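J.:
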Amino acid sequence: MSGILYVIGTGPGSPDQMTPEALKAVADSNAFFGYFPYVDRLNLKPHQRKIASDNREELARARAALELAASGERVCMVSGGDPGVFAMAAAVCEAIEAGPKEWKAIDLVITPGVTAMLAVAARIGAPLGHDFCAISLSDNLKPWDVITRRLRLMAEAGMVMAFYNPISKARPWQLGAAFDILRECLPPTVPVIFGRAAGRPDEAMLVMPLGEADANRADMATCVIVGTAETRIVSRPGKPDLVYSPRFLAGDSK
Ligand SMILES: C[S@@+](CC[C@H](N)C(=O)[O-])C[C@H]1O[C@@H](n2cnc3c(N)ncnc32)[C@H](O)[C@@H]1O
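This is the structure:
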């Protein structure tokens, strides 16, 4: 008998930003895998088992969850934000592709979640209102020169960029290096948003021009959004500034 594997996201941290579909998957599951701070966000019942693990063990965690689901168990894999954005859904697909044929018969239900860049963008205005991309600055799973090439190409293409995994103790210099590259390609006035812990009690939003953007203002819980030359800042009396990217972009007249 084959069980079921749900792959869900908790949203960025606020319980209000977890989808009803993800909550239903939680209610329907008996065993929960995930990085422990994410699994700890769930209000589990006494019969629901936590099998939390450290952050660097994604593939082993995916395999363990699939093994349990293959034995007939109702299993839930928990990510923060959206499970498909730099998170566990890809690790689960990778494990299924390389794993035994029984794993391909497991019912797999991946539910979308609110990813960090959307939560940050909503807090500050609409910086993702025009074309944008998401880039992980972690060079654990791809070479740094691929990241720098993508940064230059995205800047040239006029895309707003959302940086995930901008900085950590093990990767202290990458965000500063990314700002240096972008300062060569974009005007110094381009707004840079440091969205920290969106949706959590310690949430903090900060906007700086690219010319002065300071990588030390980010930590592991920060999603950094770099605007374009078109991204605008609207001052409002007694209220935080709004940052938005206009929907319309004038083309070259031919
Ligand atoms: C491994 S990625 C996981 C992303 C997650 N799956 C998502 O969809 O948001 C972790 C990165 O997401 C970003 N992040 C996660 N939660 C956040 C939050 N509440 N506020 C701002 N950024 C967050 C940070 O850049 C962090 O380094």
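Sequential numbering from 0 applies to the sequence shown in numbering that gives the first Met the number 0. Every residue gets a Cβ at the ideal spot worked out from N, C-alpha and C, and that includes glycine. In this text the structure is predicted, and so the values were computed from the model without any measurement.
Along the chain, where does the alpha helix (DSSP H) containing PRO208 start, and where does it finish?
T.: Looking at the DSSP string, PRO208 is not in any alpha helix (DSSP H); the run it does join, the beta strand (DSSP E), is 203-208.
J.: With a threshold of 6 Å (Cβ to nearest heavy atom), would ALA214 be considered close to ligand 1?
T.: no
J.: Applying the 10 Å Cβ sphere with the 16-neighbour rule, what's the burial state of GLU57?
T.: By the neighbour-count rule (16 or more Cβ atoms within 10 Å), GLU57 is buried.
J.: Is PHE178 a contact residue of ligand 1, with contact defined as CB to any heavy atom under 6 Å?
T.: no
J.: Measuring alpha carbon to alpha carbon, tell me which residue in PHE31, ALA59, PRO36, ASP39 is nearest GLN47.
T.: PHE31
J.: Across which residues does DSSP place ASP106 in a beta bridge pair?
T.: ILE3
J.: How long is the line joining the alpha carbons of ALA90 and CYS75, rounded to whole angstroms?
T.: 14 Å
J.: Kindly identify the DSSP beta-bridge partner or partners of LYS49.
T.: DSSP, once it has assigned bridges, lists PHE31 as partnering LYS49.
J.: Could you check the C-alpha separation between VAL287 and PRO99 for me, to the nearest Å?
T.: Residue 287 is absent from the structure shown; the chain starts at 0 and stops at 253.
J.: Starting from the C-beta of PRO188, find all residues in its chain whose C-beta is less than 6 Å away, skip the five residues before and the five after it, and write them out in chain order.
T.: Correcting the residue identity first, residue 188 is Thr in this sequence and not Pro. For THR188, where only same-chain residues beyond five positions count, the Cβ hits under 6 Å are PRO208.
J.: Are the CB atoms of PRO11 and GLY80 within a distance shorter than 7 Å?
T.: yes
J.: In angstroms, rounded to a whole number, what distance separates the CA positions of ASP138 and GLN173?
T.: 9 Å
J.: Can you tell me which residues form a DSSP beta bridge with TYR243?
T.: ALA125, ARG231
J.: When we look at the beta-carbon of GLY198 and count the other beta-carbons within 10 Å, is it buried (16 or more) or exposed?
T.: buried
J.: Please classify MET219 as buried or exposed, where buried requires at least 16 neighbouring CB atoms within 10 angstroms.
T.: exposed
J.: Just to confirm before moving on: does the CB-CB distance between ILE224 and ALA176 stay below 7 Å?
T.: At least 7 Å separates the beta-carbon of ILE224 from that of ALA176.
J.: Under a three-way DSSP split, which group does THR221 fall into?
T.: strand
J.: Find the nearest neighbour of SER52 within the set GLY33, ASP39, LYS44, ASN42, judged by alpha-carbon distance.
T.: Closest by alpha carbon: GLY33.
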